[in-house]
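If you read the sequences in order, they're chains F and B.
Counting along the first sequence from 1, when you hit position 88 you're at 88 in our numbering, and nothing is skipped either side.
Offset between the second sequence (1-based) and our numbering: plus 327.
Positions of the beta carbon are idealized from the N, C-alpha and C atoms, including for glycine.
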Amino acid sequence: MRLSRRRLAVYCVAFLFAIVMNFAVPRMMPGSPVDSMIAQLGPRATPAAIEAIKARFGAIEQPIWRQFVDYVVGLAHFDLGVSVKYYPQTVVEVLGRSAGWTAFLVFTAIVFSLCVGVLLGAVSAWRRGGRFDSFVSPFSVVLIAVPPVIIALATLFTFGVTLRLLPVGYAYDPSLDPGLNFTFFSSVFLHAVMPVLTLSPYLIGEFQTTMRSSMISVLGEDYVTMGRAKGLSEAAVMFGYAARNAMLPVLTNLALMLGAVFGGSIVTEIVFNYPGLGLTLYTASVARDYPVIQGQLLLMTIATLGANLLVDIIYGVVDPRIREGRA
Amino acid sequence: MTAVEEMRFLRLAREAGKSRATAGRWRLGAVAAALMMVAATEARAESVLTMHIEEQTSWVQNFNPFDLGGRRQSTMDFVYEPLVIFNDYDGGKPVWRLATAYKFADDLKSITYTLRDGVKWSDGKPLTSADMKFTLEMMLKNPAVDTVGVGETVASVEAPSPTEVKINLKDVDTHFPESLADFPVVPEHIWKDVKDPLAFKNETPVGSGPMTEIRRFTPQVYEQCRNPNYWDAASLKVDCLKLPQISGNDQMLALLPEGSIDWFGSFLPQIDKTYVGLDAEHNGYWQPPAETVSFQMNLKSSNAGNAEAFNDMAFRRAFSLAMDRTAMVDIAGFGYPVVNTHASGLPPRFDSWRNKAAEGTQDEWMAYDIDKANKLLDDAGYKKDGDGFRTTPSGKPIAFPIIVPNGWTDWIDAVQIATEGLRKIGVNASVATPEYEQWQKQILDGTFEAVMNSRADGPTPFRGYFQSLSTAFGGRITSAPSRYSNPELDKVFDDYRRATTDEERKTLFDQVQVIVADNLPVVPVFNGPTWYQFSTKRFTGWVTKDEPVMNPEDHDNNRMRLVHLLRLKPVQ
């Protein structure tokens, strides 16, 4: 299996574009890291201290072209620079401690939603027009439309504050030390329930809708009719013959939605004080921490591009018809 | 292993020898693990005080007292004990800590501090005058770590004996000890090997305060425990401070029902319901008025019309008369602030300094009276032009935004109320909400027109007035946006800094109040609250409104929080 050159070129161009955008976007925001550092010092900062800070971090106020060259050279060495907000920690350290949590959150939400969404989509396509379908399908559209922030706040207020069933913050009970034991894992699980449930509705809605339409077209195929004619059970035809083939567009959709999931995780992490990339990005944006914002956006770009590439590859494996160079 | 690391290693090894539970550090590996087991067997009920001091999205292990923006806010006082604390709720009386006295030389050109005998650093080494001399000289050499401004006041430092530090001043300044209130003494034997004292994270600090041992540090919580060599150990009944990471007020509200936090200072809307109501038996708060919040006009504005108006006393008085202070407090501030109705703007906490002569007639400008304001402006020659807004007596247009940081919702509402009042008297004022950093930048570079701002008060009212209204500070710090310059007032400030007795200071500060009230350089509106909530479930001894002996806040701007901590006793 191999990808065409044209396809690889598209990825390269997208990557280069992302590098430039990562550099440009944070700098379009009003304010500068030095201003925000001085602001952090508060009203008690002495004039001498303000001057000294300016002199020390003046590097950030270099001409734009110079900053760009430094940025690209740094990237080539996998050096993302030093955080302004968490000085003297490096960007890699800052992102390192949060990337895992976001990956965990997003991955869990996707797997969960994929299972639920595909099942709902398959069943509603099988019984399209029925009572189940006429409830589930419009409801999916509603789920897609509701912004994560509303779901996050509603969940937090209901289950966290009012009923007090679930923890309202953190990735695990802060009094525990991470370790390979049941207490720790159950704590991580409990703390992930609300964030995952917040991220999932949108995904479930999307998966259900895609799966349903794809399934409907597959149901018209001859092999499905044949499966029925053979006298196979309903379940065997539905899942073994139809759903399996209808999954392909869902996979494509998944890669496209990854960006939206990351977006949703920003809001979710802020609301639930979940120590992931989203919360880090938010704090860094407020502090005008260019190096962290850049590193973060780059990471997300690579994740999204990587996922697309992966889907391209998987697609080729799953469906030989679209394997390039043969068609 | 660098020298610093080596020293830390030795210190840890020594601690481990004492078999304290705090000895668990990975670098010691198996030895520590074995010792931890020993420590665990001598289990005793520990009293752990849970606090919330600062809002962060992740804890970073930084206990460098010179890194104002990056240090954990439990660094001052709890790791680094102050020399002396001036209690602003007790007329600025000194509470002696590392120092036991200070004395000015007869010519007032130098001051000698006497350090407490027998104080030890948390690693057991003695704390001497050499440490204080080292710290001061490090600040002089490196302005980036000069957190208290000694670069402007101190000429040189001497250590005539192990307990005496003689500081030679550049100019006579009897106010100097107050300016040293936020000064941390650091151990020379650790810091002399630090190449860049601003970038040093000081992850396992060696300090002089009650809570120096960092037992546990994760991005979500850290615990800071008892200093094994604390000089005032007899007063200390709390074993550990526990600081969970909390990113904001909303999260605080969500956490409160758990009842796990003992001491905090958050903005809680409808506090009687959202906090006290959860556990009326234990939960309490006291939010006494703090710094005065004022409207400050840029007297050096580059806009000719605005500058003319701002520099005219009649305009400033009319401005003041257009302020609906009660609405600001009740509507914008949820009733938490207190209106300030004195033209001198003296904060209520400094009542013992109040000069009645500065009040009375001048306070009539502090009422909300639109008719009177309109008449004042009419008489002063501010005519309305076609669009209904007034111009200056020389015919220039007046139009200005009042800046307030984005997201400071209560302040934004207060400024909104102010502009409504100003528009009623024909003044074209509006609200602008730049980001906090931009807001501060505009104040410092002088590109703003008007701002609502508070000032940083010291233990006596002097610092607040001196820094916000003296020519020397104008525009150099955020507390001095108006760039006011009054030779008469500067003269009184200078005299105050030469005064040697409390009576003299009182008389001089009486004059300050009269001059400020007569000239109304800024328009005081209200005093924001102090943020302080507590729970008596696990600890008693809290400062309450029935016993208002000190500023009760646990925030980093309040040195008295150390004394407050020493009052606390665990519930048996």
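Query: Beta bridge counterpart(s) of Trp590 (chain B) as assigned by DSSP; Result: B:Met378 and B:Phe861
Query: Alpha-carbon to alpha-carbon, Lys54 (chain F) and His882 (chain B); Result: 26 Å
Query: Residues bridged to Val850 (chain B) [DSSP beta-bridge criterion]; Result: B:Phe622
Query: DSSP state of Ile729 (chain B) mapped onto helix, strand, coil; Result: strand
Query: Host beta strand (DSSP E) of Lys420 (chain B) (start-end); Result: Lys420 to Trp423
Query: Residue(s) in a DSSP beta bridge with Asn495 (chain B); Result: B:Ser437 and B:Ser483
Query: Closer than 8 Å to chain F by CB, Gln767 (chain B); Result: yes
Query: Residues near Arg128 (chain F) in its chain [Cβ-Cβ closer than 7 Å; skip 5 each side]; Result: Ile216
Query: Residues that Gln89 (chain F) contacts on chain B, provided the C-beta gap is smaller than 7 Å; Result: Val387
Query: As assigned by DSSP and simplified to three states, the class of Glu540 (chain B); Result: strand
Query: Nearest residue (CA-CA) to Asn682 (chain B), options B:Asp845, B:Gly396 and B:Pro786; Result: B:Asp845
Query: Limits of the unbroken beta strand (DSSP E) element including Thr427 (chain B); Result: Ala426 to Phe431
Query: Sub-8 Å separation of Gly259 (chain F) and Ile270 (chain F) beta-carbons; Result: no
Query: Spatial distance of Thr402 (chain B) from Ile494 (chain B) (CA atoms); Result: 25 Å
Query: Helix, strand or coil at Leu176 (chain F) according to DSSP, with G and I counted as helix; Result: coil
Query: In DSSP terms, what Phe866 (chain B) is bridged to; Result: B:Pro897
Query: Identified DSSP bridge partners for Met403 (chain B); Result: B:Tyr407
Query: Residue ranges of each alpha helix (DSSP H) within the stretch 629-667 of chain B, 4 or longer; Result: 631-637 and 640-648
Query: One or two residues paired with Ile412 (chain B) in a DSSP bridge; Result: B:Val422
Query: C-alpha gap between Gly708 (chain B) and Glu618 (chain B), whole angstroms; Result: 35 Å
Query: Contact with chain B by Pro47 (chain F), beta-carbon distance below 8 Å; Result: yes
Query: Spatial distance of Trp386 (chain B) from Asn667 (chain B) (CA atoms); Result: 38 Å
Query: Asp837 (chain B): CB within 7 Å of a non-hydrogen atom of the ligand MG; Result: The ligand MG is absent from the structure shown, which contains no ligand whatsoever.
Query: Distance, Leu119 (chain F) Cα to Glu550 (chain B) Cα; Result: 47 Å
Query: For Met37 (chain F), the three-state DSSP class (helix, strand or coil); Result: helix
Query: Met887 (chain B) (DSSP reduced to helix, strand or coil); Result: coil
Query: Listed by chain order, chain F residues near Pro546 (chain B) by CB distance under 7 Å; Result: Arg97 and Pro275
Query: Coarse secondary structure for Leu442 (chain B), derived from DSSP in three states; Result: strand
Query: Buried or exposed by the 16-neighbour rule on C-beta atoms within 10 Å, applied to Leu163 (chain F); Result: exposed
Query: Three-state class that DSSP yields for Asn273 (chain F) in the structure shown; Result: coil
Query: Presumed contact (8 Å Cβ cut-off) between Gln572 (chain B) and Gln383 (chain B), rounded CB distance; Result: 6 Å
Query: Residues bridged to Gly611 (chain B) (per DSSP); Result: B:Phe861
Query: Pro148 (chain F): contacting residues in chain B (beta-carbon distance under 9 Å); Result: Simply none; closest approach about 16 Å.
Query: Contacting residues, own chain, Cβ-Cβ under 7 Å from Asn469 (chain B) (five flanking each side not counted); Result: Pro524
Query: Cβ neighbour criterion (16 or more within 10 Å) applied to Cys567 (chain B); Result: buried
Query: Counterpart residues of Pro453 (chain B) in DSSP-defined beta bridges; Result: B:Lys447
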